[in-house]
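Engineer: A single structure is presented below for examination.
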Amino acid sequence: MIKDLVTPENANVFVGKLGDILEKAIDKPLGYAINWGRIWSLWPVHIETACCSVEFGAASSPRYDVERFGIIEAFGSLRQCDLVVVQGTITRKMAPRLRLVYDQMPEPKYVIAMGACAITGGLYFDSYNVLPGIDGVIPVDVYVPGCPPRPETLIQGCMLLQEKIKRMKARKFV
Amino acid sequence: MHAASGEDQEDEGQEVCMMSSDTATTAEKKPVAKAPPPKPAAKKPEPEPVELPVFEKGISDKIVEKFGDKIEVAFVKEDRVRINVGKEDVHDVAEFVRDELSYDHVESVSGVDYPQDNEIEVVYHIGSYSDSSLARQVLVLATRAQRETNPIPGNDATKLPTLRDVFYSVEFHEREIFEMFGVFFEGHPDNRRLLLPEDWADLPPLRKDFAIKGR
Amino acid sequence: MTNELPPGLALQKVDERIMTLNVGPQHPGSGHMRIIVQIDGDYIVACDPDPGYVHRGEEKMAEYRNYITNIPHLERPVIHDSCNVLYPYVLGAEELLGIEVPERAKYVRVIASELNRCIYIMYWLAIYGIFLGHSTMFMWPAGDRELLIDLMEKMTGARVTHAHFVPGGVRNDLPPNFEDVCLRQVNYFEKRIKEYAAVFYDNPILIARTQDTGVLSRQDAIRYGTTGSVLRASGVDYDLRKKEPYDVYDELDIHTNVMKEGDSYARSRIPWLDMIESCNIIRQALQKMPKSGSVRTKLKPNPKGKGLDSVYKRVESGRGSLGCYIVSDGKPEPYRVKLSVPSFRNLIALPNLLRGEKLGNMPSVYWSLNYWPVEADR
Numbered sequence: 007m008i009k010d011l012v013t014p015e016n017a018n019v020f021v022g023k024l025g026d027i028l029e030k031a032i033d034k035p036l037g038y039a040i041n042w043g044r045i046w047s048l049w050p051v052h053i054e055t056a057c058c059s060v061e062f063g064a065a066s067s068p069r070y071d072v073e074r075f076g077i078i079e080a081f082g083s084l085r086q087c088d089l090v091v092v093q094g095t096i097t098r099k100m101a102p103r104l105r106l107v108y109d110q111m112p113e114p115k116y117v118i119a120m121g122a123c124a125i126t127g128g129l130y131f132d133s134y135n136v137l138p139g140i141d142g143v144i145p146v147d148v149y150v151p152g153c154p155p156r157p158e159t160l161i162q163g164c165m166l167l168q169e170k171i172k173r174m175k176a177r178k179f180v
Numbered sequence: 016m017h018a019a020s021g022e023d024q025e026d027e028g029q030e031v032c033m034m035s036s037d038t039a040t041t042a043e044k045k046p047v048a049k050a051p052p053p054k055p056a057a058k059k060p061e062p063e064p065v066e067l068p069v070f071e072k073g074i075s076d077k078i079v080e081k082f083g084d085k086i087e088v089a090f091v092k093e094d095r096v097r098i099n100v101g102k103e104d105v106h107d108v109a110e111f112v113r114d115e116l117s118y119d120h121v122e123s124v125s126g127v128d129y130p131q132d133n134e135i136e137v138v139y140h141i142g143s144y145s146d147s148s149l150a151r152q153v154l155v156l157a158t159r160a161q162r163e164t165n166p167i168p169g170n171d172a173t174k175l176p177t178l179r180d181v182f183y184s185v186e187f188h189e190r191e192i193f194e195m196f197g198v199f200f201e202g203h204p205d206n207r208r209l210l211l212p213e214d215w216a217d218l219p220p221l222r223k224d225f226a227i228k229g230r
Numbered sequence: 051m052t053n054e055l056p057p058g059l060a061l062q063k064v065d066e067r068i069m070t071l072n073v074g075p076q077h078p079g080s081g082h083m084r085i086i087v088q089i090d091g092d093y094i095v096a097c098d099p100d101p102g103y104v105h106r107g108e109e110k111m112a113e114y115r116n117y118i119t120n121i122p123h124l125e126r127p128v129i130h131d132s133c134n135v136l137y138p139y140v141l142g143a144e145e146l147l148g149i150e151v152p153e154r155a156k157y158v159r160v161i162a163s164e165l166n167r168c169i170y171i172m173y174w175l176a177i178y179g180i181f182l183g184h185s186t187m188f189m190w191p192a193g194d195r196e197l198l199i200d201l202m203e204k205m206t207g208a209r210v211t212h213a214h215f216v217p218g219g220v221r222n223d224l225p226p227n228f229e230d231v232c233l234r235q236v237n238y239f240e241k242r243i244k245e246y247a248a249v250f251y252d253n254p255i256l257i258a259r260t261q262d263t264g265v266l267s268r269q270d271a272i273r274y275g276t277t278g279s280v281l282r283a284s285g286v287d288y289d290l291r292k293k294e295p296y297d298v299y300d301e302l303d304i305h306t307n308v309m310k311e312g313d314s315y316a317r318s319r320i321p322w323l324d325m326i327e328s329c330n331i332i333r334q335a336l337q338k339m340p341k342s343g344s345v346r347t348k349l350k351p352n353p354k355g356k357g358l359d360s361v362y363k364r365v366e367s368g369r370g371s372l373g374c375y376i377v378s379d380g381k382p383e384p385y386r387v388k389l390s391v392p393s394f395r396n397l398i399a400l401p402n403l404l405r406g407e408k409l410g411n412m413p414s415v416y417w418s419l420n421y422w423p424v425e426a427d428r
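Protein chains in written order, with the numbering used here: chain A, 7 to 180; chain B, 16 to 230; chain C, 51 to 428.
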C-alpha cells in the first residue's frame, strides 16, 4: 500500500514526514537517555580569550577538579567539542575568530559566558576595542558573573548548564 | 625632586618644569649657551636650590658637550636624565648614547599627544645591561613629530626617523606607536599594524581627539 | 563559508615548498595570540607573532579615570600577578602626588608582591607542563598555588584580583595571626616546590626536549632588550630588586639566579629558582617587619599632581622589569599612562629564536619566554 503512495515526485515529502515521526517516537523514551549522555561528557573547546582563563585553569586543578562534574579539561580539536566557555573579554579582533570557532563546532553546542566582560563588557564598558557582551556574536546559554568568577562559581554555572540540557528537547539535534 | 635651573654655568639648559608648553618648539632655535631660559621659579614653593646628583650630571654633561645647543636637558633627577632633542638629531644622539655611553637597549617607547602644541611626543626610555654602573639609570630621550589634524597614518607629515638600526629592541614598540598615534617611522622595515584589529578605520586611538564612547 | 575571508584571516601562499601555518588564537599551544609560522618540512623558516587579541585599551581608559579609580583596571593585564603589575603605577603616583608611605606598609607590599610572584610562576609552570604534555606538572603546581592564594585571600579578601596596593600604602592591615600562618605555609610551599626537581627538572624527557632548543646568546639577549628570566637565563645578572631597590628591598638579602646556557631549559629553571628565593625574601621580611603601625597614609579626595610632570618607575615582576610612565598635567586624571610590560619586550625574541627550530619545539620555546599575552596586549 505504501509502495503505491510513494512516487518519485513525492518521495522527499515522505522521507521528511518519516523523519518527523521517528523523531517524535524517539524523543519521548530516548530523549532522557540522550541528554543524560550529553550532560556527563561536556568537552569545552580550548579558546582562551582573556584573563578569566586563569580561573578556568584553576577550576581544572586538583582542588576544584571540575572533571568530577563531567566537564572535561579544555580540548584542542573543535570537531569533538560541544561547549564554548568564553573566558572573559572579547575584543573586536577576537570576535570574528570566536564566531569562526563556534561555526566549526558540530551540533549540539552550548555556550557559557564567563566573567563580567563576556556578559556586558564589565570593567571595559567604555573601551574602544571591547565588545559590550558576547550575545551579539554567539548565543549564550549560561552567564557566570564575577571578575573573575571563582572556580566554585564556574562549577555552579556548569551545573546550571547541565540542568538546562536535561530539560532540553533532545530531538532538535537528532 | 626638581632640578634647580641656572645654578652654575653648565646647567643653564635645564628647566625646572619638564614640559612648559614651548620647550619643544623652541628646542632647536634656542641658543642654550647664551640665553638662560626665563626662570619660572618665581612661583615655585621651594626656594632652596637642590643639589644635582653627580653621576647623572656627568651623563648629561657628556651629551651636552657633544651636541651643544642641538639638545636640551629637561631634567636631571636621581637615576633619570631627560634629553629633549629635535627629530633631525635624534638618530645621532641615539648612536652617540649607544657607542660612547654604553646604553644598549630601549625599555619602553611611549607616545604622548599634545594637541595644544600641535605635536606628538615620542619618548624612548633607554637602559643598560652591559655596564653595571648604569644599571639604575634610565636615559629618557624625547623627540617630537608634527601632528596632523586629519591624520592619514603613513602618508602625512607625522614622521620620525626610526631608531631600529641603532637599538634593535624598538621594533615592536615603534610598530605600536605607529598604530596608536599615527607616527610613521621612516626606515623601519616592518611598519605594519600590531595590536589593533585588521579592519580598524578610525583615528589612531591614543590621540587626544579620539574620544571613547560616553565620555 | 564565503570565499571572501575577513582581512587578516586569509593566509597567503608563499612557495611550493614552504607552507604557512596559523597557530592560534584557538590552539592548545598558543594562548591568546596568533603565531604565523612558515615551515619547510619540519623546520620553521619564518615566524610572525600577531598579538592584540586582548588589546583592551587600558592606557586610553586610564586617561579618563583619576589616580585612585585607575587601580582596578590597571591590575587586570596580569590578574595572577596583580600586585606586581600595579606596583610601578602606585610608586609613580606616590611620587607625583607627593605621598609618604609608612614603614610597615612597605613590608606588607614586599610580602604581597613576593607571594604574587610565586602564584604567577606556579601558574606559568603549570601551563608549561601541559604544553609539553606533562600532565603531572600541570596538577602539582596548580594544586600547590592554592596554598598561596589562600594566604593572599586572607590578606586582601580576593582570590586573584586584589587591588591591594594604593598610593600611600596598602588597603588593609594584615589580619591577626597572619605572620605565623604565612611562615608555616611558605615553609611548606618551599619544601613542596623542591620536590619538583625530581619529577620535572631532572626528568630526562624534559631535558631532551628543552636543552639546546631556542638558544639565546648573551649578546642577543641584551640587543633585543629582553628582561626577567629570559635575560638571566642568558647570563646577564640583572634584577631590579637588587640593582634599583624600591621600597624596602635594599634592607633584604637577595640572591639573583643566573644561568649561562640561554636555552629553553635554563629559561624554565630560572623562575623555579626565583620562587625559592622569594620564599627566603618573605621569611626575611616577616622577621624585619614592624609589628604594629599604620599601613596607609590618608589621601585627600581626588588627589591632583603638582603640575606638568612625568615619572618613570619600574619594578621586577614575575616576568621581568615592568615600567610605568605617567605624565601628569595637574588634573585629577593622569595625562598619559604607559605600561612598559616585560611580555611585550620579550616578544621580539620569539621570531629570532624560532627561526631554524623544529615545529615541535615551538610550544616549549614560546612558553619559556615567560610570555603572558593579556599583558603584552594591555
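Note that beta-carbon positions come from the ideal geometry of N, C-alpha and C, so glycine has one too.
Using beta carbons (cut-off 9 angstroms, strictly below), is LEU178/B in contact with chain C?
Structural biologist: Cβ-Cβ to chain C under 9 angstroms: no for LEU178/B.
Engineer: Residues of chain C with a CB under 7 angstroms from the CB of ARG151/B: which are they?
Structural biologist: Chain C residues near ARG151/B: LYS293, GLU294.
Engineer: Leaving out the 5 sequence neighbours to the left and right, which residues in its chain are closer than 8 angstroms to MET111/A when beta-carbon positions are compared?
Structural biologist: Taken in chain order, the residues that qualify are VAL51, LEU84, ARG85, CYS87, ASP88, VAL90.
Engineer: Does the beta carbon of PRO212/B come closer than 9 angstroms to any beta carbon on chain A?
Structural biologist: At least one chain A Cβ lies under 9 angstroms of PRO212/B.
Engineer: Measuring alpha carbon to alpha carbon, tell me which residue in PRO166/B, GLU103/B, ASP205/B, ASP104/B is nearest PRO220/B.
Structural biologist: Nearest option by C-alpha distance: PRO166/B.
Engineer: Taking C-beta to C-beta, are LEU137/A and VAL72/A nearer than 9 angstroms?
Structural biologist: No, the pair does not count as a contact, with Cβ atoms beyond the cut-off.
Engineer: Would you report the Cα separation of ALA39/B and CYS374/C, rounded to the nearest angstrom?
Structural biologist: The predicted model places ALA39/B with a pLDDT of 41, which falls under 50 and marks its position as unreliable; any figure quoted below should be read in that light. Approximately 23 angstroms between the Cα atoms of the pair.
Engineer: Taking the alpha carbon of GLU61/A as the reference point, which residue from TYR38/A, GLY121/A, PRO35/A has its own alpha carbon closest?
Structural biologist: For the residues TYR38/A, GLY121/A, PRO35/A, the minimum Cα distance to GLU61/A belongs to GLY121/A.
Engineer: Quick one: complete beta strand (DSSP E) runs, 3+ long, within the stretch 319-392 of chain C?
Structural biologist: The qualifying runs are 358-366, 371-379, 386-390.
Engineer: Please return the same chain residues whose Cβ sits closer than 7 angstroms to the Cβ of LEU167/A, not counting the five positions on each side in sequence.
Structural biologist: Excluding sequence neighbours, LEU167/A sits near TYR116, ILE118, ASP147, VAL148.
Engineer: Alpha carbon to alpha carbon, what distance is there between ALA31/A and PHE20/A?
Structural biologist: Using only the alpha carbons, I get a separation of about 16 angstroms.
Engineer: I'd like to confirm the pairing. Which residues does DSSP put opposite VAL160/C in its beta bridges?
Structural biologist: For VAL160/C, which the question treats as bridged, DSSP gives no partner whatsoever.
Engineer: Check for me: the alpha helix (DSSP H) holding ASP270/C runs from which residue to which?
Structural biologist: From DSSP, the alpha helix (DSSP H) with ASP270/C extends over 268-273.
Engineer: Quick check on THR126/A - is its C-beta less than 9 angstroms from some C-beta in chain B?
Structural biologist: For THR126/A, the answer is no, since every Cβ of chain B falls outside 9 angstroms of its Cβ.
Engineer: Just to confirm my understanding: we take THR41/B, look at its own chain, exclude 5 residues before and 5 after, and list those with CB closer than 6 angstroms. What are they?
Structural biologist: In this prediction, THR41/B scores a pLDDT of 40, lower than 50, which makes its location untrustworthy; the coordinate-derived value is nonetheless stated afterwards. Taken in chain order, the list of residues that qualify is empty.
Engineer: If HIS82/C sits next to ALA56/A, beta carbons under 8 angstroms apart, how far is it from one beta carbon to the other, in whole angstroms?
Structural biologist: That pair is a contact at about 7 angstroms.
Engineer: Is GLU196/C buried or exposed, if buried means 16 or more other CB atoms sit within 10 Å of its CB?
Structural biologist: Result: buried.
Engineer: Let's see if you can read the secondary structure: which residues bound the beta strand (DSSP E) around GLY264/C?
Structural biologist: Run containing GLY264/C: none; DSSP gives neither H nor E here.
Engineer: Ignore the nearest five residues each way along the sequence and tell me which others in LEU409/C's own chain have a CB closer than 8 angstroms to its CB.
Structural biologist: Excluding residues within five positions, the ones whose Cβ falls inside 8 angstroms are LEU71, VAL87, ILE89, ASP92, TYR93, ILE94.
Engineer: Across the stretch 200-209 of chain C and the stretch 106-119 of chain C, are there enough close Cβ pairs to call them in contact, namely three or more that are closer than 8 angstroms?
Structural biologist: Too few Cβ pairs lie closer than 8 angstroms, so no.
Engineer: Using a Cβ-Cβ cut-off of 7 angstroms (strictly less than) and excluding sequence neighbours within five positions of ILE177/C, which residues of its own chain qualify?
Structural biologist: Closer than 7 angstroms at the Cβ level, and outside the excluded window around ILE177/C, lie TRP417.
Engineer: Using CA atoms only, rank isn't needed, just tell me which of PRO99/C, ASP194/C, PRO295/C is closest to GLU245/C.
Structural biologist: Among PRO99/C, ASP194/C, PRO295/C, the Cα nearest to that of GLU245/C is on ASP194/C.
Engineer: Give the residues of chain A in contact with PRO220/B, contact being defined as C-beta atoms less than 9 angstroms apart.
Structural biologist: Correct list: TYR134, ASN135.
Engineer: To the nearest angstrom, how far is the alpha carbon of LYS348/C from that of GLY219/C?
Structural biologist: LYS348/C and GLY219/C: Cα-Cα distance of roughly 9 angstroms.
Engineer: Using a Cβ cut-off of 9 angstroms, pull out every chain B residue sitting near ARG98/A, in sequence order please.
Structural biologist: Those within 9 angstroms of ARG98/A in chain B are LEU211, PRO212, ASP214, TRP215.
Engineer: If you count every other CB in all the chains shown that lies within 10 Å of the CB of SER185/C, and 16 or more means buried, which is it?
Structural biologist: When all chains shown are included, SER185/C counts as exposed.
Engineer: What whole-angstrom Cβ distance do PRO151/B and LYS293/C have, given they're in contact under 8 angstroms?
Structural biologist: The displayed chain sequence assigns Arg, not Pro, to residue 151/B. That belief holds up - the Cβ atoms of ARG151/B and LYS293/C are roughly 6 angstroms apart, short of 8 angstroms.
Engineer: If you follow the alpha helix (DSSP H) that HIS123/C is part of, which residue opens it and which one closes it?
Structural biologist: Note, HIS123/C: alpha helix (DSSP H), 121-124.
Engineer: SER123/B versus chain C: which residues are under 7 angstroms apart at the beta carbon?
Structural biologist: Here the neighbours are GLY373, TYR375, LYS388, SER390.
Engineer: Find the nearest neighbour of LYS241/C within the set PRO191/C, GLY278/C, ARG84/C, LEU224/C, judged by alpha-carbon distance.
Structural biologist: Cα-wise, what sits closest to LYS241/C is PRO191/C.
Engineer: Counting C-beta neighbours from all protein chains within 10 Å, is the total for GLN76/C 16 or more, i.e. buried, or is it exposed?
Structural biologist: Buried, by the Cβ-count rule.
Engineer: Go to ALA96/C, then tell me how far its beta strand (DSSP E) extends in each direction, as first and last residue.
Structural biologist: Element bounds for ALA96/C: 93-100.
Engineer: For a cutoff of 9 angstroms on Cβ pairs, would you count ARG74/A as touching chain C?
Structural biologist: False, the Cβ-Cβ gap to chain C never drops below 9 angstroms.
Engineer: My output table needs one value for ILE144/A: the three-state DSSP class, helix, strand or coil.
Structural biologist: Reduced to three states, the DSSP call for ILE144/A is coil.
Engineer: Pull up the distance between the alpha-carbon of LEU136/C and that of ILE121/C, whole angstroms please.
Structural biologist: Each residue's Cα considered, the two are about 7 angstroms apart.
Engineer: Which residues bound the beta strand (DSSP E) around ASN99/B?
Structural biologist: Element bounds for ASN99/B: 95-100.
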